[in-house]
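K.L.:
This is the structure, below, for whatever I ask next.
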Amino acid sequence: GKMMFFVGDTNDHGLQTVSFYAVDRDFFKVLDVPLVEGSFFEEESEEEAEEDCPRQYVINEATAAFFKMDKPVGEKLDASIFEEQNGEVIGVVQNFNFFSLHDDVEPLVFVHWPEKSRYFMVEIEPDKMDAALTHVKTTWSKFNEGHFMHFTFLESKLESLYAADIKMLSLFIYFSIFVIFISSLGLYGLSSFLIEQRTKEIGIRKILGGSEHRIILLLAKDYLVLVFIAGIIASVPVYYLMNNWLNTFAFHININGWYFVFGIAIALAFAFFTVLIRSYNVVRRSPAYALKYE
């Protein structure tokens, strides 16, 4: 949720709204959140629990930067609504993405407030999934009899953040396969037509001592040059579109020129093997057949 906090000295408060998350003391251990400075929430003694102690907060690095805290640990952080939430920062954790990678890491304040937590997080070993879930359900029913337990996996929640990207990737893969298949059929038909027209030339080259490998490379050369030029031309709009898509993520890789080199190399390989399939049978024929060809 969101909460407004007063930051700074009592006489010079600055009111800021940031996200806050109510957790227990094991939260950071379960999710393995790295501590930058200070400490996590510690166990309270009975005396401390009975006293009217100030609230303790753990913040992320984005919150420290947002509040312009040079030395966050020990800074006062008072809630604008609940006076019982007035307290100080005891620790700073490393920034981590609690939304999708499309968004920057926002300021986040953690407060030890288990009674306000809406979810339980359970760490389960993958090879003991069924036994662990059975145990969790049994334990839940002991303390919450009559209340249905609804659970989800963290991997599923994370995957849902990228549902649109996953769908786009699937469509891209299917259409790419379809386009490659159609292009290969077209190239096969074109190469068949032109190679048949050069049947006599192939026969003469074989009689004059030309090797089959050299003749095949000669036939494929023209197509490979055209595919290479097409790859260079296509790289420009592909770079523009991919760069725009990557910019929708706050965290993303940079486009490397080797990606285009690799893509063009794959296209050249498809073109070569498509022409090879058709030209090999023609080149293997007897020169006598080639010279009789009309």
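Throughout, our numbering is defined as the position within the sequence shown, counted from one, plus 194. Glycine included, each C-beta is placed from N, C-alpha and C at the ideal position.
1. May I have a chain-ordered list of the beta strand (DSSP E) segments no shorter than 3 residues that lie completely inside the segment 269-345?
2. By the 10 Å Cβ neighbour count, where 16 or more other Cβ atoms means buried, how is G285 classified, buried or exposed?
3. Measure from the alpha carbon of V469 to the alpha carbon of each residue in F456, W307, L229, E390, then state which is nearest.
4. Using DSSP with H/G/I as helix, E/B as strand and the rest coil, what is R249?
5. Rounded to a whole number of angstroms, what is the C-alpha to C-alpha distance between V299 and S386?
6. Touch check for the segment 209-224 and the segment 263-272: three-plus C-beta pairs under 8 Å?
7. Find the nearest neighbour of F314 within the set S354, V303, L225, judged by alpha-carbon distance.
8. Helix, strand or coil, according to DSSP, for M517 in the structure here?
9. List the endpoints of the continuous beta strand (DSSP E) containing K265.
10. According to the neighbour-count rule (16 or more other Cβ atoms, all chains shown, within 10 Å of its Cβ), is N438 buried or exposed?
11. Short of 7 Å in beta carbon distance, which residues of its chain neighbour I458, apart from the five on each side in sequence? Order them along the chain.
12. Are the beta-carbon atoms of F199 and A258 separated by less than 8 Å?
13. Would you report the Cα separation of T442 and I471, rounded to the nearest angstrom?
14. Tell whether a beta-carbon distance below 8 Å holds between P308 and N254.
15. Please state the DSSP three-state secondary structure of L470.
16. Using CA coordinates, which residue listed in Y356, E317, Y368 is at the minimum distance from F345?
17. Mind checking who G232 pairs with in its DSSP beta bridge?
18. Which residue marks the beginning of the beta strand (DSSP E) containing F199, and which one marks its end?
19. Can you check which of these residues, V283, K196, H407, F214, is closest to V230 by C-alpha distance?
20. For I410 and Y434, what's the separation of their Cα atoms in angstroms?
21. Check the DSSP bridge columns for N450 and list the partner residues they point to.
22. Take the Cβ of H329 as the centre, count every other Cβ of all protein chains shown within 10 Å, and call the residue buried at 16 or more, exposed below.
23. Suppose the cutoff is 8 Å on Cβ atoms and the five residues either side in sequence are ignored; what does the same chain contact list for K322 look like?
24. Which first and last residues belong to the alpha helix (DSSP H) in which A259 is found?
25. Are H296 and A444 closer than 8 Å when you measure CB to CB?
26. Tell me, to the nearest whole angstrom, how far the beta carbon of A216 is from that of S364; I am working on the premise that it is less than 8 Å.
P.N.:
Short version:
1. The DSSP assignment places complete beta strand (DSSP E) segments of no fewer than 3 residues inside the segment 269-345 at 270-273, 281-287, 302-306, in order along the chain.
2. buried
3. For the residues F456, W307, L229, E390, the minimum Cα distance to V469 belongs to E390.
4. strand
5. Rounded to the nearest angstrom, the gap between the Cα atoms of V299 and S386 is 57 Å.
6. no
7. L225
8. Past the edges of the chain, shown from 195 to 488, lies residue 517, and the structure says nothing about it.
9. Where K265 is concerned, there is no enclosing beta strand (DSSP E), given that its DSSP letter is neither H nor E.
10. exposed
11. F422, G425
12. no
13. 43 Å
14. no
15. Three-state result, L470: helix.
16. E317
17. Residue pairing by DSSP places G232 opposite G285 in a beta bridge.
18. 196-201
19. V283
20. 36 Å
21. None; N450 has no bridge partner.
22. exposed
23. none
24. 255-260
25. yes
26. With a Cβ gap of about 37 Å, A216 and S364 do not count as contacting.
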